[in-house]
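Counting in the numbering used here, the sequence shown tops out at residue 212, every number present.
Glycine included, C-beta positions come from ideal geometry on N, C-alpha and C.
Owing to the predicted nature of the structure, the values given are computational and were not obtained by experimental measurement.
All remarks here apply to the structure that follows.
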Amino acid sequence: MRRDPMSKRVVAVIDDDPSLRKSLARLLTLRGFACETCGSAEEFLDHVAISKANCVLIDINLGDGLSGIESEGVRSVSKYCCDDRC
Numbered sequence: 127m128r129r130d131p132m133s134k135r136v137v138a139v140i141d142d143d144p145s146l147r148k149s150l151a152r153l154l155t156l157r158g159f160a161c162e163t164c165g166s167a168e169e170f171l172d173h174v175a176i177s178k179a180n181c182v183l184i185d186i187n188l189g190d191g192l193s194g195i196e197s198e199g200v201r202s203v204s205k206y207c208c209d210d211r212c
């Protein structure tokens, strides 16, 4: 599937630190990406059906629940986002 060159790539930023989440989103936006932000993997999974994310940046040390590499967090998130849209 070819991506429309005029459409923005969407990055989901998942981090429990609000200031880091905001900083990453700001940096990515300045580099031309659209961003979706979530405070937890569970929050992302709750809205994955409406997510337009092409790529997910996930904190590997999330405080509560699904936590990056340490649990099923990456596998749970990646099965919804790993495709050829990037």
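Simplified DSSP assignment, three categories, for residue i
i           : result
residue 188 : coil
Residue closest to residue i, alpha-carbon to alpha-carbon, out of the options
i           : options       : result
residue 101 : 137, 143, 134 : Here the chain comprises residues numbered 127 to 212, so residue 101 is not present and cannot be evaluated.
residue 186 : 161, 158, 167 : 167
residue 150 : 184, 134, 178 : 184
Residues bridged to residue i (per DSSP)
i           : result
residue 174 : Residue 174 is not bridged to any residue.
residue 113 : Nothing about residue 113 can be read from this structure; the chain reaches only from 127 to 212.
residue 150 : Answer is none; residue 150 lacks a bridge partner.
8 Å contact criterion, which residue i and residue j should meet: CB distance rounded
i           : j           : result
residue 156 : residue 137 : Between residue 137 and residue 156 the Cβ distance is about 12 Å, and since that is not below 8 Å, they are no contact.
residue 139 : residue 147 : 5 Å
residue 162 : residue 179 : 6 Å
Any non-hydrogen atom of the ligand FAD closer than 8 Å to residue i Cβ
i           : result
residue 173 : The ligand FAD is absent from the structure shown, which contains no ligands of any kind.
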